[in-house]
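Protein chains in written order, with our numbering: chain A, -4 to 232; chain B, -4 to 232.
Right, one structure below, let's go through it.
Number of protein chains: 2
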Amino acid sequence: MKGSRPEPSGFKPAPKAVVGRVSLYLRQLEVYQRQGWATVSSSQLGGPLSIKNAQVRKDLAFFGQFGHPGVGYRVDDLSAAIRHILGIDHDWPLALVGLGNLGRALLKYRGFRSRGFHIVALFDNDPTKIGGRHDGLVVEPMEAFGAVVTSGKIRLAMLAVPADSAQRVADQVVAAGIRGILNFAPVPITVPPQVNLVGVDLSIPLENLAYKVQRTEDEDSCAGAIERGASATDRVR
Amino acid sequence: MKGSRPEPSGFKPAPKAVVGRVSLYLRQLEVYQRQGWATVSSSQLGGPLSIKNAQVRKDLAFFGQFGHPGVGYRVDDLSAAIRHILGIDHDWPLALVGLGNLGRALLKYRGFRSRGFHIVALFDNDPTKIGGRHDGLVVEPMEAFGAVVTSGKIRLAMLAVPADSAQRVADQVVAAGIRGILNFAPVPITVPPQVNLVGVDLSIPLENLAYKVQRTEDEDSCAGAIERGASATDRVR
Chain A
-4 MKGSRPEPSG
6 FKPAPKAVVG
16 RVSLYLRQLE
26 VYQRQGWATV
36 SSSQLGGPLS
46 IKNAQVRKDL
56 AFFGQFGHPG
66 VGYRVDDLSA
76 AIRHILGIDH
86 DWPLALVGLG
96 NLGRALLKYR
106 GFRSRGFHIV
116 ALFDNDPTKI
126 GGRHDGLVVE
136 PMEAFGAVVT
146 SGKIRLAMLA
156 VPADSAQRVA
166 DQVVAAGIRG
176 ILNFAPVPIT
186 VPPQVNLVGV
196 DLSIPLENLA
206 YKVQRTEDED
216 SCAGAIERGA
226 SATDRVR
Chain B
-4 MKGSRPEPSG
6 FKPAPKAVVG
16 RVSLYLRQLE
26 VYQRQGWATV
36 SSSQLGGPLS
46 IKNAQVRKDL
56 AFFGQFGHPG
66 VGYRVDDLSA
76 AIRHILGIDH
86 DWPLALVGLG
96 NLGRALLKYR
106 GFRSRGFHIV
116 ALFDNDPTKI
126 GGRHDGLVVE
136 PMEAFGAVVT
146 SGKIRLAMLA
156 VPADSAQRVA
166 DQVVAAGIRG
176 ILNFAPVPIT
186 VPPQVNLVGV
196 DLSIPLENLA
206 YKVQRTEDED
216 SCAGAIERGA
226 SATDRVR
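Spelled out as structure tokens, the structure:
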């Protein structure tokens, strides 16, 4: 990045929630880029995401000074800066472990490639899956993991393995020198401090949805009760 | 819930980030329940999740008063209160639309059932999939959606359909009276305001991981540079 150097070294890492919102800002900036916008305000950036403009400014200020007084944010510059901050201004080769339904779904997931994440190696320990071919890649046995990730300079691994083998597989990929693990198994795993771990628990968004639906229904039933109350009063009157 | 009534009606809904963290607190409380703990402090609750105790207290205060002076939080009570807040103190029947790899992976996902989410109906519009049987359920055509969700009192739908049919399928499930949609297609969809929508973008946790790994490597290379600098100095001296 030219201009403001985002995230001077020594800064503490941004909380996960901030990084998550910055990912959303990038997606919204890309919408504006496709529509040909040159600049946006924090309200225009946060509005479609239901994020307040003060939050947008605070989140971005975590990484540097990106706004221009009287202009707002330059769409192309901010988009490039966020890609740099997130580390997705370059490609990341990925190893995928586990070629069950979830693994095969992840392999076809369109959202990864457009963000620079390329699955370049497949692994499984099931003899019926080893040697199988998916999207031009051959499934290799876990014994080959170390050699493949070293020669391919692969630093990230996605684990789409059953819950009861997640920790064992994590230990194997850590031993092979993997720096970051995205764990889709619905169990917590532990890794040494020098390895970064992000767990994806698919029931969390579902709980968020249940919360929202329940709230809407509570409000509806309150509104209904008030209406019924009002009609009762009408009848008495 | 007896005692403190969480979330008096009229309260504004909690932000998604707060609800997400509350889901994590519940998971940590369940760990403590299995270990037989009776009470926990906010530090004990947040610590294993790398969430500061002030944040834990602030998040929970959004929904009511749960702590007891000199005691902390009662594990069983807080766990029950959170389940009530999230609306998962009762079961939710779910419809799953799309029986591709992702749909079949979601059907087998262990994390849903333990949270009270039960997939009870399957739909697809692919004639080769309709009539197929998975986990004791038969895949039905989308034309049957309205009748099935009405008779089964199903209010939530998970969409695991290709990006280019996501909006059309969303329109169909909305027309059938679904109250909440969990969208796994990597495209934004729009729904009327009375329908709740949560999108799951699997590239967001991957971006979070890339950010963390890049930061670790930046720190390592700085440390390396300092070490190399130090040895150079040593040699000069």
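By construction, the Cβ of each residue, glycine as well, lies at the ideal position given by its N, Cα and C atoms.
Fair warning: this is a prediction, and the values are worked out from it, not measured in the lab.
Backbone secondary structure at L97 (chain A) - three-state DSSP:
helix
Would R128 (chain B) count as contacting chain A if we go by Cβ distances under 8 Å?
no
Consult DSSP for P183 (chain B) and reduce its assignment to one of helix, strand or coil.
coil
In or out: G126 (chain A) buried (at least 16 other Cβ within 10 Å) or exposed?
exposed
Cβ-based neighbour list, L177 (chain B), same chain, cut-off 6 Å, excluding 5 preceding and 5 following:
M153 and V193
If contact means a Cβ-Cβ distance below 9 Å, which residues of the segment 61 to 73 of chain B contact chain A?
none
Within 10 angstroms of its Cβ, does E214 (chain A) collect 16 or more other Cβ (buried), or is it exposed?
exposed
For the putative contact between V13 (chain B) and D72 (chain B), defined by C-beta atoms under 8 Å, what is the C-beta separation to the nearest angstrom?
So it is not a contact: roughly 20 Å between Cβ atoms.
As an exercise, report each continuous beta strand (DSSP E) stretch of at least 3 residues that is fully enclosed by the segment 30 to 107 of chain A, in chain order.
87 to 92
Any chance you could list the alpha helix (DSSP H) runs of at least 4 consecutive residues sitting entirely within the segment 147 to 214 of chain B, in chain order?
161 to 170
Would you say F107 (chain A) faces chain B, with C-beta separation under 8 Å as the test?
yes
Would you say I199 (chain A) reaches chain B, if we count a Cβ-Cβ gap shorter than 8 Å as a contact?
yes
Looking only at its chain, what residues have a beta carbon closer than 8 Å to the beta carbon of V66 (chain A), apart from the 5 residues adjacent to it on each side?
T34
Residue from A:V164, A:R128 and A:V169 whose Cα sits closest to the Cα of T145 (chain A):
A:V169
8 Å Cβ cutoff, A12 (chain A) in contact with chain B:
yes
Three-way DSSP call (helix, strand, coil) for A116 (chain A) in this model
strand
Hey, F118 (chain B) and A90 (chain B): beta-carbon distance below 8 Å or not?
yes
Cα-Cα separation between V70 (chain A) and M137 (chain B), rounded to whole angstroms
41 Å
Residues of the segment 164 to 185 of chain A with Cβ closer than 7 Å to any Cβ of chain B, in chain order:
R174, G175, L177 and P181
For I46 (chain A), which residues in the same chain have their Cβ closer than 7 Å to its Cβ, ignoring the five residues on either side in sequence?
R16
Under three-state DSSP, which class holds R128 (chain A)?
strand
Using a Cβ-Cβ distance cut-off of 8 Å, determine whether P8 (chain A) contacts chain B.
yes
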